[in-house]
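**Q** Here it is, the structure, as structure tokens.
2 protein chains.
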Amino acid sequence: MKKPLSEPDLPMEAASVSDGTLRSLHGYQIKRAFNVIQSDLNRTLKPFKLRMITYTALILIVDNPGLRQSQLAEAMDIERPNLVVIIDELERRDLILRDRLPSDRRAYALKATLAGRRLCEKAVAAVQAHEERLLKGINPDALRTAMKVMQLIEANRHRET
Amino acid sequence: MKKPLSEPDLPMEAASVSDGTLRSLHGYQIKRAFNVIQSDLNRTLKPFKLRMITYTALILIVDNPGLRQSQLAEAMDIERPNLVVIIDELERRDLILRDRLPSDRRAYALKATLAGRRLCEKAVAAVQAHEERLLKGINPDALRTAMKVMQLIEANRHRET
DNA sequence: TATTGTTATACTCTATAACTATA
DNA sequence: TATAGTTATAGAGTATAACAATA
Chain A
1 MKKPLSEPDL
11 PMEAASVSDG
21 TLRSLHGYQI
31 KRAFNVIQSD
41 LNRTLKPFKL
51 RMITYTALIL
61 IVDNPGLRQS
71 QLAEAMDIER
81 PNLVVIIDEL
91 ERRDLILRDR
101 LPSDRRAYAL
111 KATLAGRRLC
121 EKAVAAVQAH
131 EERLLKGINP
141 DALRTAMKVM
151 QLIEANRHRE
161 T
Chain B
1 MKKPLSEPDL
11 PMEAASVSDG
21 TLRSLHGYQI
31 KRAFNVIQSD
41 LNRTLKPFKL
51 RMITYTALIL
61 IVDNPGLRQS
71 QLAEAMDIER
81 PNLVVIIDEL
91 ERRDLILRDR
101 LPSDRRAYAL
111 KATLAGRRLC
121 EKAVAAVQAH
131 EERLLKGINP
141 DALRTAMKVM
151 QLIEANRHRE
161 T
């Protein structure tokens, strides 16, 4: 929706797209913003061979050593099966490791390796630059408000089948 | 991230996930909100056999009769090839039709059928209820601010490369 | 019985290259 | 040559059922 209203050189038959807000669909604006963030972030993370989802998993493991996969999946709000391949990928690259919990031999304690912590810190710096770029010109109060709104939306999740 | 901090009955080995904001990653909060919206909306649209993306295309065609596919793709911020299957689906269900433009026989003028307009209006009502539910308790000013922030993020899209 | 991690699978959304028919 | 729509395809995210090992 870069061109908000009518273009001068369109033939009569072609309509102009009504500007901005789709009626009754705030969700689509959030989708568009998210797509921009995701593709820009993935470009930023490419040199580290990380994606948004693997970066998120790595940073949570670095910041919360000993996390179980089920806890991490809940924290990331993804399904357990989908986390497995992410953990596999990080483990194969020796960025994290799966330690068996003696107290519960079904579960793993996830821990970052030194290499994982180092890569994470470098990636964090790049991501900070990415966010500065993408959030440039946005009033910090407005941004805080927006993030609070995102949390409220998440909290209003509809759980009944 | 429903449980913000430590759970009382966890064994010592298990760490608690640090609450809320992932350091330097506003994007992930937006992702989570979007996922909630998308899955709730798709559930809402299921009785109409629509999804977020087909609903969006339909409403834009209803509101902008004569739209070309390329214009619609740009308005929805998706790639032209991905729009084709969406238009196919709506056309197969006789909700819209592709009219050849006499002035440019490469292009189509997209128009909603009566059935399409009727389904659209019913879906709009359901979506309004969905958004009321999901945005319940959110200050309208805060919501407006959040939507403006989403637009600004979209406008800061990184285009080089 | 219930839970942790796993496998397999299916569906959706996104992105790109290459084609056709028109301009 | 450029553009509108199309085909084919690949990649990534998400969701569910069912299983083995363990609780």
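Residue numbers (UniProt numbering), protein chains in the order written: chain A, 1 to 161; chain B, 1 to 161.
Using N, Cα and C, we set each Cβ at its ideal position, and we do this for glycine too.
One question on the structure: do Ile-87(B) and Gln-71(B) come within less than 8 angstroms of each other, judged by their Cβ atoms?
**A** Within the second sequence, numbered from 1, the residue matching residue 87(B) stands at position 87. Within the second sequence, numbered from 1, the residue matching residue 71(B) stands at position 71. Their beta carbons are not under 8 angstroms apart, which means Ile-87(B) does not touch Gln-71(B) by this criterion.
**Q** Could you check which residue in Leu-25(A), Leu-41(A), Thr-44(A) has the C-alpha nearest to that of Gln-38(B)?
**A** As a first step, residue 38(B) is located in the second sequence; it is residue number 38 there, counting from the start. Checking every option, the nearest Cα to that of Gln-38(B) belongs to Leu-25(A).
**Q** Can you find a C-beta in chain A that's less than 8 angstroms from the C-beta of Val-127(B)?
**A** Residue numbering aside, residue 127(B) sits at position 127 when the second sequence is read from its first letter. Cβ-Cβ to chain A under 8 angstroms: yes for Val-127(B).
**Q** By alpha-carbon positions, which one of Pro-47(A), Pro-140(A), Asp-40(A) ends up nearest to Asn-156(B)?
**A** Within the second sequence, numbered from 1, the residue matching residue 156(B) stands at position 156. Closest option to Asn-156(B), Cα to Cα, is Asp-40(A).
**Q** Which residues in the same chain have their Cβ closer than 7 angstroms to the Cβ of Thr-54(A), if we skip the five residues on either side of it in sequence?
**A** Counting from one through the first sequence, the residue named residue 54(A) turns up at place 54. Same-chain partners within the cutoff: Ile-86, Glu-89, Leu-90.
**Q** Near Val-62(B), which residues of its chain fall below 6 angstroms by C-beta distance, leaving aside the five closest residues on each side in sequence?
**A** Taking the first residue of the second sequence as position 1, residue 62(B) is located at position 62. Same-chain partners within the cutoff: Ala-112, Arg-117, Cys-120.
**Q** Are the C-beta of Asn-42(A) and some C-beta of chain B separated by less than 8 angstroms?
**A** Along the first sequence, read from residue 1 onward, the residue named residue 42(A) stands at position 42. With 8 angstroms as the cut-off, Asn-42(A) does not count as an interface residue toward chain B.
**Q** Can you list the alpha helix (DSSP H) stretches of 4 or more residues lying completely in the region 105–156 of chain A, in chain order?
**A** 114–134, 140–155
**Q** Between which residues of its own chain and Ala-115(B) is the CB-CB distance below 7 angstroms, once the five residues before and five after are set aside?
**A** For this step, residue 115(B) is matched to residue 115 along the second sequence. For Ala-115(B), where only same-chain residues beyond five positions count, the Cβ hits under 7 angstroms are Asp-94, Leu-95.
**Q** Let me confirm a value: Lys-136(A) is counted as buried when at least 16 other C-beta atoms fall within 10 Å, else exposed. Which label applies?
**A** Counted from its first residue, the first sequence places residue 136(A) at position 136. By the neighbour-count rule (16 or more Cβ atoms within 10 Å), Lys-136(A) is not buried but exposed.
**Q** Thr-44(B) and Ala-126(B): beta carbons closer than 8 angstroms?
**A** Counting from one through the second sequence, the residue named residue 44(B) turns up at place 44. Counting from one through the second sequence, the residue named residue 126(B) turns up at place 126. Closer than 8 angstroms, so yes.
**Q** Buried or exposed for Glu-79(B), going by 16 or more other Cβ atoms inside 10 Å?
**A** Indexing the second sequence from 1 puts residue 79(B) at position 79. With fewer than 16 Cβ atoms within 10 Å of its Cβ, Glu-79(B) is classed as exposed.
**Q** Under 8 angstroms Cβ to Cβ from Leu-83(A), same chain only, skipping five residues before and after it: list those, please.
**A** As a position in the first sequence, residue 83(A) is number 83, starting the count at 1. The residues are Ala-57, Gln-69, Leu-72, Ala-73, Met-76.
**Q** Sort Gly-27(B), Gln-29(B), Phe-34(B) by Cα distance to Tyr-28(A) and report the nearest one.
**A** Reading the first sequence from its first residue, position 28 is the one you call residue 28(A). Minimum Cα distance to Tyr-28(A) is reached at Phe-34(B).
**Q** Starting from Ile-86(A), follow the alpha helix (DSSP H) in both directions and report where the run begins and ends.
**A** The residue given as residue 86(A) occupies position 86 in the first sequence. From DSSP, the alpha helix (DSSP H) with Ile-86(A) extends over 80–92.
**Q** Give the single residue among Ala-107(A), Gln-151(A), Leu-134(A) whose Cα lies nearest to the Cα of Leu-67(A).
**A** The residue labelled residue 67(A) in the question sits at position 67 within the first sequence. Checked all of Ala-107(A), Gln-151(A), Leu-134(A); the closest Cα to Leu-67(A) is Ala-107(A).
**Q** What are the boundary residues of the alpha helix (DSSP H) that Asp-40(A) is part of?
**A** In the first sequence, the residue the question calls residue 40(A) occupies position 40. 26–45 is the extent of the alpha helix (DSSP H) around Asp-40(A).
**Q** Three-state secondary structure (DSSP) at Leu-95(A)?
**A** Stepping through the first sequence from its first residue, residue 95(A) is reached at position 95. Here Leu-95(A) sits in coil by DSSP.
**Q** When the Cα atoms are used, what is the spatial distance from Met-52(B) to Arg-98(A)?
**A** In the second sequence, residue 52(B) corresponds to position 52, counting from 1. In the first sequence, residue 98(A) corresponds to position 98, counting from 1. Straight-line Cα distance between these residues: approximately 38 angstroms.
**Q** Indicate the three-state DSSP secondary structure (helix, strand or coil) for Leu-50(B) in the structure shown.
**A** To locate residue 50(B), count along the second sequence from 1; it is residue 50. It is coil, neither helix nor strand.
**Q** So what does Arg-100(A) bridge to, in DSSP terms?
**A** Start at 1 with the first residue of the first sequence, and residue 100(A) comes out as number 100. Tyr-108(A).
**Q** Compute the Euclidean distance between the alpha carbons of Leu-143(B) and Arg-92(A), then round it to the nearest angstrom.
**A** Within the second sequence, residue 143(B) is the residue found at index 143, counting from 1. Within the first sequence, residue 92(A) is the residue found at index 92, counting from 1. One Cα belongs to Leu-143(B), the other to Arg-92(A), and the distance between them is close to 43 angstroms.
**Q** Hey, out of Lys-148(B), Leu-101(B), Val-36(B), whose CA is closest to Pro-65(B)'s CA?
**A** As a position in the second sequence, residue 65(B) is number 65, starting the count at 1. If we check each option's Cα against that of Pro-65(B), Leu-101(B) comes out closest.
**Q** Between Ala-109(A) and the rest of its own chain, which residues show a CB-CB distance below 6 angstroms, the 5 nearest in sequence each way excluded?
**A** Sequence index remark: in the first sequence, residue 109(A) carries index 109 (1-based). Take Ala-109(A), set aside five residues on each side of it, and the residues of its chain with a beta-carbon closer than 6 angstroms to its own are Gly-66, Asp-99, Leu-101, in chain order.
**Q** Any beta carbon of chain A sitting closer than 8 angstroms to that of Ala-15(B)?
**A** Translated into positions along the second sequence, residue 15(B) becomes position 15. Any reading at Ala-15(B) must be qualified, since the residue scores a pLDDT of 41, below 50, and its modelled position is unreliable; no value is offered.
**Q** Under a CB-based cut-off of 8 angstroms, is Thr-54(B) close to chain A?
**A** By 1-based counting over the second sequence, the position of residue 54(B) is 54. No, its Cβ sits nowhere closer than 8 angstroms to a Cβ of chain A.
**Q** Are the beta-carbon atoms belonging to Val-149(B) and Ala-123(A) less than 8 angstroms from one another?
**A** As a position in the second sequence, residue 149(B) is number 149, starting the count at 1. As a position in the first sequence, residue 123(A) is number 123, starting the count at 1. No, the Cβ-Cβ distance between Val-149(B) and Ala-123(A) is not below 8 angstroms.
**Q** Which one of Asp-104(B), His-158(B), Glu-131(B), Ile-138(B) has the shortest CA to CA distance from His-130(A)?
**A** For the purposes of this step, residue 130(A) is identified with residue 130 of the first sequence, where counting begins at 1. Comparing alpha carbon positions, the residue from Asp-104(B), His-158(B), Glu-131(B), Ile-138(B) closest to His-130(A) is His-158(B).
**Q** In the DSSP assignment, find the unbroken alpha helix (DSSP H) run with Leu-67(B) in it and report its ends.
**A** By 1-based counting over the second sequence, the position of residue 67(B) is 67. Premise fails: Leu-67(B) is in no alpha helix (DSSP H) and is neither H nor E.
**Q** Counting contacts by CB-CB distance shorter than 8 angstroms, is Arg-92(A) in contact with chain B?
**A** Taking the first sequence and counting its residues from 1, one reaches residue 92(A) at position 92. No - not a single Cβ of chain B is within 8 angstroms of the one on Arg-92(A).
**Q** For Leu-134(B) and Arg-105(B), I'd like the C-alpha separation in whole angstroms.
**A** For the purposes of this step, residue 134(B) is taken as residue 134 along the second sequence, with counting starting at 1. For the purposes of this step, residue 105(B) is taken as residue 105 along the second sequence, with counting starting at 1. Looking at the two C-alpha atoms, the distance is approximately 44 angstroms.
**Q** How about Gln-151(B): is its C-beta nearer than 8 angstroms to some C-beta of chain A?
**A** As a working mapping, residue 151(B) is identified with position 151 in the second sequence. Cβ-Cβ to chain A under 8 angstroms: yes for Gln-151(B).
**Q** Put Asp-77(B) into one of helix, strand or coil per three-state DSSP.
**A** Stepping through the second sequence from its first residue, residue 77(B) is reached at position 77. If DSSP states are grouped into helix, strand and coil, Asp-77(B) belongs with coil.
**Q** According to the neighbour-count rule (16 or more other Cβ atoms, all chains shown, within 10 Å of its Cβ), is Glu-132(A) buried or exposed?
**A** As a first step, residue 132(A) must be located in the first sequence, where it is residue number 132. Per the 10 Å Cβ criterion, exposed.
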